[in-house]
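Under the UniProt record's numbering, the final residue of the sequence shown carries the number 1012; numbering is consecutive throughout.
Heads up: the structure comes next, in structure tokens.
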Amino acid sequence: TKNGGRNGFSYFTAAMQEVAKIRMRLTNDLHNALAGKQFEVYYQPIVELATGKIAKAEALIRWNHPVAGLISPANFIPIAEETGLICGIGDWVFQNVVQQLAAWRDDGKSEVQISINKSPIQFQNGTKDHSDWHAQLSALGLPGESVVIEITESVLLENSEKVRSQLSKLYLGGMRISLDDFGTGYSSLAYLQKFDIDFLKIDQSFVSNLTHTSNNLALCEAIIVLAHRLGIKVIAEGVETEEQHVLLKQAGCDYGQGYLFSKPLPAVEFGRLLHATS
Ligand code: C2E
Ligand code: CA
Ligand code: CA
Ligand code: CA
């Protein structure tokens, strides 16, 4: 009809205005979330495939919004990155994790290594540099290796002097570096050699379709062989089935993370999984 396009257009803008409104509200609320103590860190176990032991965990932030309830990081991390709030949030996550690590140690729990996600934005304009992070660790008497920093390939792609020096400071202070979502970005294999990478995480998109007959099996096997040749340990993300677990173990994958083993857990619940030492 004559007005069809126009109606379509106005419907479209109305929908977009709605999305923009929700976004704006979230952005406002995000500013108050830190002060309002609305964030919580969950821990997802990372299992050593050869022994079945929980060797590590990944710290994953949760936002308990007072009205909307639990909001997924997939929905608010991008906003936090655009607004720069991610730097304060990232520092809070780090502080929260190291205090938790010290508490578990004081409780006589077995040692565990925690991975913390670090956004590319934090490398650009983080408020705290790594000497502060090292200072926090050593103030609590924790070794650098208790923390692994997860970065994405895009950080390495920048290849800037700033990134390079921040990564080497991290590394020299004993923290470990893990390359997240491997295989989804502009993977340049040269990175693996150029930077001090300790772990590589095979992205869950490769793991989710993993069966005896899939091409993904060949991909996973190749990634594992390559990483091992370079002295890098491999963690498979998003392991959901026993078949995937068995195939990854047969392929020599070092660690697995996914719903098959456990979903992300509140700190108290994860702490219960840690054995008492001695
Ligand atoms: P990511 O770093 O790739 O984290 C893995 C995501 O996969 C998590 O989603 C986890 O809950 C989910 N997952 C784990 N096992 C399975 C599985 O078996 N199947 C499926 N389908 N999913 C699984 P989550 O917790 O919603 O986090 C989403 C993303 O938000 C993270 O992806 C990370 O990029 C970001 N994020 C989370 N916490 C932080 C943080 O503290 N700082 C920063 N900068 N980003 C964070
Ligand atoms: Ca991650
Ligand atoms: Ca990942
Ligand atoms: Ca991801």
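Glycine residues also receive a C-beta, built at the ideal position from the N, C-alpha and C atoms.
Computed from a prediction, not measured in an experiment: that's the story for all the values here.
Whole-Å CB distance - residue i paired with residue j, under 8 Å assumed
i, j, result
"L783", "L982", "7 Å"
"D914", "I958", "About 16 Å separates the two Cβ atoms, so there is no contact after all."
"A970", "I936", "5 Å"
"L835", "I848", "6 Å"
"D932", "K967", "7 Å"
"A793", "V775", "5 Å"
"F995", "P807", "So it is not a contact: roughly 20 Å between Cβ atoms."
"L871", "V881", "7 Å"
"F857", "K896", "7 Å"
"R757", "I813", "7 Å"
Contact test: residue i Cβ vs ligand 3 heavy atom, cutoff 8 Å
i, result
"Q938", "yes"
"D914", "yes"
"E974", "no"
Heavy atom of ligand 2 within 8 Å of residue i beta-carbon
i, result
"S849", "yes"
"E815", "no"
Residue i beta carbon near ligand 5 (any heavy atom closer than 8 Å)
i, result
"E792", "You won't find ligand 5 in this model; what it holds is ligand 1, ligand 2, ligand 3 and ligand 4."
Ligand 1 heavy atom lying under 8 Å from the CB of residue i
i, result
"Q856", "yes"
"I811", "yes"
"I820", "yes"
According to DSSP, residues forming a beta bridge with residue i
i, result
"W797", "F773 and I805"
"S849", "E792 and V882"
"G990", "V781 and A970"
"L764", "For L764, which the question treats as bridged, DSSP gives no partner whatsoever."
"L999", "Y777"
Unbroken stretches of the alpha helix (DSSP H), 4 residues or longer, contained in the segment 871 to 958:
Runs found: 887 to 892, 895 to 906, 924 to 928 and 938 to 942.
Could you pull out every unbroken alpha helix (DSSP H) segment of at least 4 residues lying fully inside the segment 817 to 844, listed in chain order?
820 to 840
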